[in-house]
Amino acid sequence: REVVVGHDEYRRIAHAEPYYRRAFAETWRRRSLLFLGSSLSDPYLLDLFTEVQELHGPNPQPHYALVAKEQKVDVEFLR
């Protein structure tokens, strides 16, 4: 019933809707994800990762990302 079309809408949904966060957490914990073309330094995405870890502990599934060599990412945090 809803389409997220821009940065502001994404931010509003990601932080205001518990169903979105719950669905993200379940997907994050039960599936291996591949991030393509995603900025892994986006604070909203990092907040979701942190929330899942705080609520559920270490992730049982590995996740993968393809990033440009010059892109700065916090490898330890993402591990």
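Read in our numbering, the sequence shown has 60 at position 71, and its numbers run on one by one without any break. Glycine is no exception: its CB is placed at the ideal position from the N, C-alpha and C atoms.
Annotation for L22: no alpha helix (DSSP H) segment contains it, and DSSP assigns it neither H nor E. In the displayed model, L44 falls within a helix according to three-state DSSP. Boundaries of the alpha helix (DSSP H) harbouring A5: -4 to 5, taken from the DSSP string.
Residues of the same chain with a CB within less than 7 Å of the CB of V62, apart from the 5 flanking positions on each side, are L29, S30, V56 in chain order.
When secondary structure is reduced to three states using DSSP, A54 falls in the strand class.
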